[in-house]
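Below: one structure, written as structure tokens.
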Amino acid sequence: MYHHSARVRLSLAAISVTGLLVLAGCGSSSSSSTSSAASSSATTSAATSSAGTASSSGTSVSTSSCGPKPGVKATGTPINIGTIDTKQPGTDFSDGPNMITAYYNCVNANGGVNGHPVKLFVEYDQTQPAQVAAAAKKLIQTDHVVGIVGVFDLLECTVDQSYWKSLGIYEMGAGIAPECWSTPNSAAVNMGPRYSSDGAVQYGLSQHPSKVVFVQSNVPGTGYIAAGPAALAGAAHVPITELTENVPINDANSVALDLVNKAGSGGWVVLNFTPPEALVILQAAQKLGLEDRVKGWGCSTPCNTDFLASALGPKWNHKLFVNAELTSADDHNGPEMQLYKAILKQYGQSVAGGIGSFSQMGFLLGKFSVDALGTVKGAYTIKSVNDAFKAIKDEKTELLCQPWVYGPYPLHIPNNADFTTTPENGKMVTAQQCFNISSADPQIAQYRAAAGTAPSTNPPTS
Amino acid sequence: MPSWTDVEQFLITGLSLGGVYALSGVGMVVLYRATGVLNLAFGAVGAMGALIAWQAINHWGFSGSGGFWLAYLVAVLFGGLVTLAYGMVFGPALAQRDPLVKATATLGLALILLGVMDLLWPSSGGASRAITFPTDNNTFQIGQISVTYTNVIALVLGLVITVVTGAFLRFTKLGTAMRAMADDREITAALGVPVRRVTAAAWFGCGCLSGIAGVLLADLVALDATTLTFLVLSTLAATLIAQLRSIPITFVAAIVIGVITSEATPISSISNYRDMTPFVLAVIALLVLNRRRVISIGRQGV
Amino acid sequence: MESAGVQSAENTTAAAGSDAAPEAAPSAPRTGRAPDARSFVRPAVIVALLAFVLIAFPSMFSQYYVDAWTQVAIYSIVTLGLGVLVGRVGMVSLGQGAVLAMGAWVAARLLFATSLPFPVVLLAAGLITMLLGTLVGLPALRMSGLYLALITLMLAGAITVTLANINFPNGGHGFTGYNGASVHIPPIRRPSAAITDTAYFRYCVIVAIVMFVLVLVHLRGRPGRAWAAIRQSEAAALTAGINTTFYKLWAFALASFITGVAGGLVAGSFRYLNSLTFTTQDSITLLAVVLMGGAYSMWGAVVAAFLLKFLQALLNDWGLSPDWLTILFGIGVLQVLTTAPRGLVDQVPKDLAKLGRLLAKPFRRSPAAPEREEA
Chain A
678 MYHHSARVRL SLAAISVTGL LVLAGCGSSS SSSTSSAASS SATTSAATSS
728 AGTASSSGTS VSTSSCGPKP GVKATGTPIN IGTIDTKQPG TDFSDGPNMI
778 TAYYNCVNAN GGVNGHPVKL FVEYDQTQPA QVAAAAKKLI QTDHVVGIVG
828 VFDLLECTVD QSYWKSLGIY EMGAGIAPEC WSTPNSAAVN MGPRYSSDGA
878 VQYGLSQHPS KVVFVQSNVP GTGYIAAGPA ALAGAAHVPI TELTENVPIN
928 DANSVALDLV NKAGSGGWVV LNFTPPEALV ILQAAQKLGL EDRVKGWGCS
978 TPCNTDFLAS ALGPKWNHKL FVNAELTSAD DHNGPEMQLY KAILKQYGQS
1028 VAGGIGSFSQ MGFLLGKFSV DALGTVKGAY TIKSVNDAFK AIKDEKTELL
1078 CQPWVYGPYP LHIPNNADFT TTPENGKMVT AQQCFNISSA DPQIAQYRAA
1128 AGTAPSTNPP TS
Chain B
439 MPSWTDVEQF LITGLSLGGV YALSGVGMVV LYRATGVLNL AFGAVGAMGA
489 LIAWQAINHW GFSGSGGFWL AYLVAVLFGG LVTLAYGMVF GPALAQRDPL
539 VKATATLGLA LILLGVMDLL WPSSGGASRA ITFPTDNNTF QIGQISVTYT
589 NVIALVLGLV ITVVTGAFLR FTKLGTAMRA MADDREITAA LGVPVRRVTA
639 AAWFGCGCLS GIAGVLLADL VALDATTLTF LVLSTLAATL IAQLRSIPIT
689 FVAAIVIGVI TSEATPISSI SNYRDMTPFV LAVIALLVLN RRRVISIGRQ
739 GV
Chain C
2 MESAGVQSAE NTTAAAGSDA APEAAPSAPR TGRAPDARSF VRPAVIVALL
52 AFVLIAFPSM FSQYYVDAWT QVAIYSIVTL GLGVLVGRVG MVSLGQGAVL
102 AMGAWVAARL LFATSLPFPV VLLAAGLITM LLGTLVGLPA LRMSGLYLAL
152 ITLMLAGAIT VTLANINFPN GGHGFTGYNG ASVHIPPIRR PSAAITDTAY
202 FRYCVIVAIV MFVLVLVHLR GRPGRAWAAI RQSEAAALTA GINTTFYKLW
252 AFALASFITG VAGGLVAGSF RYLNSLTFTT QDSITLLAVV LMGGAYSMWG
302 AVVAAFLLKF LQALLNDWGL SPDWLTILFG IGVLQVLTTA PRGLVDQVPK
352 DLAKLGRLLA KPFRRSPAAP EREEA
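Residue numbers (our numbering), protein chains in the order written: chain A, 678 to 1139; chain B, 439 to 740; chain C, 2 to 376.
Right, here's the structure in full:
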């Protein structure tokens, strides 16, 4: 009897939980996705309206220019491409592969690749190495993919590099682990934490501070990341202090105070964190009234969002300098940027973050892979497709500072010129045009010795 | 060695952190004293309330100062209602069981809320959310540091809750009834106390406390479901030092933990280990205070 | 088998009064039965099932699911350890995730620094984890109930912070074996006989079987009876002359040992370890699945590991968010604690039997057949 009534209670509880979910889901998820689709989750009306005007001018370009035969659906045998991406509470990179799928859908509706549609197989993992390794095998053995494009993953480059090497696969993605830039079988469209931190420190060094304090989240690979800024500061003969903080941060006040004390009044503080953590540190510095206690602040590329700019407020205008690895969609609106926005609007319903760096990187990866696939003569096999990927060179794009290249090099750092942005009244604006990351970083020097220095071009303005 | 100005400055941030721990620590002990349940989902309930308030402010049009306080009210009510629902559905079923079982059950609630929060407010696309109190813009100076009034509110609120609930539980009829029920439900019922009404009042009141603390913590720490849910680990340390009995000791212990953690920040050699402070202090306190063995007569475990 | 053993211990404790120690009590109810054909069936079925799993399983599933089953095998050892603590002795530990992390750390360090054979490394990882676990847990064992659970949570928190700072070995030198600036991280080696994923699956199953046998031997013997007595009532056990602290320590040591060995298997399975792999939430979901699967039987441990690891792989394959699993575990904890304390392993057969009777009702000849109330 006791158990029976308890069962009834329990089923009532389960029903109410489901009801709560459904109700809240109808209420919140639709509104949050529509608002975030307008811009990268900006909250001020100013930011929303500016993004609105940008996207309305973007739709003047027809999406059919993404493919070779506008309006003609591709009907041949599909070309299977695979990817592995991190998706777990707190770290969700699904916007990247979702944008690539959108790009492929556009291409497939407009002629495909030599008449073949391209299909993307996405495997998600929750940062468990065994999962990542198994996903790689699944893609090759079960899904029979011939190329790996669009890896946005915390672990993948580390775990799978020997497997890709044994198969002759040259993957393309947006990397995070050191191996994404230090092996022959992986090339990234982004800069990654080390080189983006280099860029932020490099800008700070150009302002002649007396000291640099570089702080990052205490996740694996901190030594590798910190080595870049240390080399740059050493070459400039500026003392540098390197710190790590455990995340998630509970006591942002103490962290901000410590940073400011260590940097001193002539010092430059550079942060390398994910947006939520960087935001709490900067907000704590502002609440404590510390933002003017140092010469300047810097941040690696994850900070380059309008959301951060609007959440920080006007006190940080031209005080925080963020390294930007991709051209801002707000500032520039050339034909390629318009195409990106149009594809996002027409095919990218599943891209929750809307216009932003993840979808931009997805667009680039889709474009580079389709362009390369178009050069394949004959059958689409692992060998033919990956030879084409490896042969990618001189891919000029408005979204990057320099043409992108793969090439037969022992390591790949193709995105090695960036520019710097700064918040201005709720938006990120350009503070410095494209510049090459300094060769004082030994890895950059090694890459340039093998691949040469691609000329960095200022992105065209609309 | 840090200089004296360092010590002074980190004392201020330490009091701020301590205020954060004190607010949720006191809330948990109050609930334990009133219902006999150590609610490990305290942080999760508060986090969800804060996220609902964020949703209201940013997407449901609760704008401006008036909108903020209305959203805050919604968060508080949410906390109260969810905790009340939990208490009424699962409270009676577990009333006879060991406090360990009751606490473990609240872990179940915490897991459900964690999953729901991540589904409804995902972290894709680099999204970061923040909630700001109107009092964040009002500051005063102590030395070279500005202190926002929100920090003051947190500390004062913790103090007020300590004093008021302590007095309530001790001196009022309803409070005494709650304490009696937490001790032994059946005897209290036999004495003629309206058990269901008292239980409901206890759960609802403490749930509102979760909501109040939740939004404050979202402002002072971070508006992130995982961070706020697992903040209870550090606040548990303060409650354990007070042996889940004394609300004033919880308050003081929380402040001490906050100050020690903060003071360790500038000392480079131990700075990265300062997150261990609550755990180490709790273990030491538990061992020192429990030198005598306590043997339970009844059945062990769940 | 094991439930009968527990029951006999409970009977003898109840009857023991104040003079007879459990060691002296003969297993009277069981020796009276003459061995017959039925007592061979159950072990034979189990052996056949294990043989099937070892031999046929890998070819039935794709590599992705073979890896999922490998995780099930490894984590069934962990859930077994926690099940012994929770179900047999009555000690709830909220820190087994940290113990697993310690075991993985030790194993990884040894695998990089020495060329000891893999089984020796597993043994060493188990022993060192056992030592660390008991040292760290020793002062806590004087407590019981809620305080014990909370102190294990605190200790786990401290261990997690420590591991986040010294990091996991990645082929570097020094005590921690961590090279933060490494550009190419070498993978952790596997046993020479089990390098492929399929072979490693079999290896893990075999190690799991060995651990289960180890626990079974404990449960059948003196420790098992003492644990049952402590679970029933620590005060009564004390009066009966059992050294409760010693036996609680033994349970903790056993759980730490097998979890340490499982940590070694994790190191070999994942091949790249970092502090993100082991989180605080893992310890909590571990307790949740152990409660759901059933802390009182050895099959419950396998069910718990299945819930934890296989469902995750399944949901991932179907493109569903892992949050649904978190919600499921939360509901499961509530369900188990309020209605089905013995977990799914006990409850599902009962539920199925009830369902069977319900379905058979219309077909029953006699309309006045009394329904047995299932307690």
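Positions of the beta carbon are idealized from the N, C-alpha and C atoms, including for glycine.
Within the same chain, show all residues whose beta-carbon is closer than 6 Å to that of residue i, passing over the 5 residues directly before and after it, in chain order.
| i | result |
| --- | --- |
| residue 770 of chain A | 762, 763 and 829 |
| residue 77 of chain C | 209, 302, 303 and 306 |
| residue 1138 of chain A | Its pLDDT being 38, under 50, residue 1138 of chain A is placed unreliably by the model, and the measurement read from it follows with that caveat. Closer than 6 Å at Cβ, skipping near neighbours: 1009. |
| residue 444 of chain B | 704 |
| residue 1049 of chain A | 1065, 1066 and 1069 |
Less than 9 Å separating the beta-carbons of residue i and residue j?
| i | j | result |
| --- | --- | --- |
| residue 1077 of chain A | residue 1127 of chain A | no |
| residue 742 of chain B | residue 702 of chain B | This structure cannot speak to residue 742 of chain B, because chain B is shown only from 439 to 740. |
| residue 972 of chain A | residue 940 of chain A | yes |
| residue 1040 of chain A | residue 1020 of chain A | yes |
| residue 905 of chain A | residue 1118 of chain A | yes |
| residue 758 of chain A | residue 826 of chain A | yes |
| residue 269 of chain C | residue 108 of chain C | yes |
| residue 465 of chain B | residue 651 of chain B | yes |
| residue 543 of chain B | residue 335 of chain C | yes |
| residue 813 of chain A | residue 795 of chain A | no |
| residue 956 of chain A | residue 974 of chain A | no |
| residue 717 of chain B | residue 147 of chain C | no |
| residue 187 of chain C | residue 166 of chain C | no |
In the DSSP assignment, what are the bridge partners of residue i?
| i | result |
| --- | --- |
| residue 798 of chain A | A/759 |
| residue 1002 of chain A | Paired residues: none, contrary to the question. |
| residue 793 of chain A | A/790 |
| residue 768 of chain A | A/765 |
| residue 825 of chain A | A/759 |
| residue 889 of chain A | A/917 and A/945 |
| residue 1072 of chain A | A/1081 |
| residue 1022 of chain A | For residue 1022 of chain A, which the question treats as bridged, DSSP gives no partner whatsoever. |
Where does residue i sit, in a helix, a strand or coil, going by DSSP?
| i | result |
| --- | --- |
| residue 1111 of chain A | strand |
| residue 748 of chain A | coil |
| residue 854 of chain A | coil |
| residue 580 of chain B | strand |
| residue 875 of chain A | helix |
| residue 710 of chain B | coil |
| residue 917 of chain A | strand |
| residue 144 of chain C | coil |
Beta-carbon within less than 7 Å of residue i's beta-carbon, same chain only, minus the 5 sequence neighbours each way: which residues are those?
| i | result |
| --- | --- |
| residue 548 of chain B | 478, 479, 482 and 667 |
| residue 67 of chain C | 59, 198, 199 and 202 |
Going by beta carbon distance, what residues of the same chain come within less than 8 Å of residue i, once the five residues before and after it are set aside?
| i | result |
| --- | --- |
| residue 252 of chain C | 85, 86, 89, 90, 92, 224 and 228 |
Residues in the region 572 to 588 of chain B with C-beta within 7 Å of chain A's C-beta atoms, listed in sequence order?
574, 577, 583, 584 and 586
Scan the region 268 to 292 of chain C for residues whose Cβ lies nearer than 8 Å to a Cβ of chain B and list them as they occur along the chain.
281, 282, 285, 286, 288, 289 and 292
Closer than 7 Å, Cβ to Cβ, to anything on chain C: give me those residues from the region 875 to 908 of chain A, in chain order.
895, 896, 897, 899, 900, 901 and 904
Using a beta-carbon distance cut-off of less than 9 Å, what residues from the region 131 to 155 of chain C approach chain A?
none
Could you run through the region 445 to 472 of chain B and flag, in chain order, every residue whose CB is less than 7 Å away from some CB of chain A?
For the region 445 to 472 of chain B, which is checked against every Cβ of chain A, the residues closer than 7 Å are 447, 448, 451, 454 and 455.
For the region 317 to 339 of chain C, which residues have a CB atom closer than 9 Å to at least one CB atom of chain B, in sequence order?
Listed by position along the chain: 322, 323, 324, 325, 326, 327, 328, 329, 330, 331, 332, 333, 334, 335, 336, 337, 338 and 339.
Along the region 709 to 725 of chain B, where does the CB come closer than 8 Å to a CB of chain C? Name the residues.
710, 711, 713, 714, 716, 717, 718, 720, 721, 724 and 725
Check distances from the C-beta atoms of the region 802 to 831 of chain A to those of chain B and list, in chain order, the residues that come in under 8 Å.
Answer in chain order: no residues at all.
With 9 Å as the C-beta to C-beta threshold (strictly closer), list the residues of the region 172 to 199 of chain C near chain A in chain order.
179, 180, 181, 182, 183, 184, 185, 186, 188 and 198
Could you run through the region 695 to 708 of chain B and flag, in chain order, every residue whose CB is less than 7 Å away from some CB of chain A?
Of all residues in the region 695 to 708 of chain B, only 699, 700, 703 and 704 come within less than 7 Å of chain A when Cβ atoms are compared, listed by chain position.
For the region 1015 to 1033 of chain A, enumerate the residues whose C-beta is nearer than 8 Å to any C-beta of chain B, in chain order.
1028, 1029, 1030, 1031 and 1033
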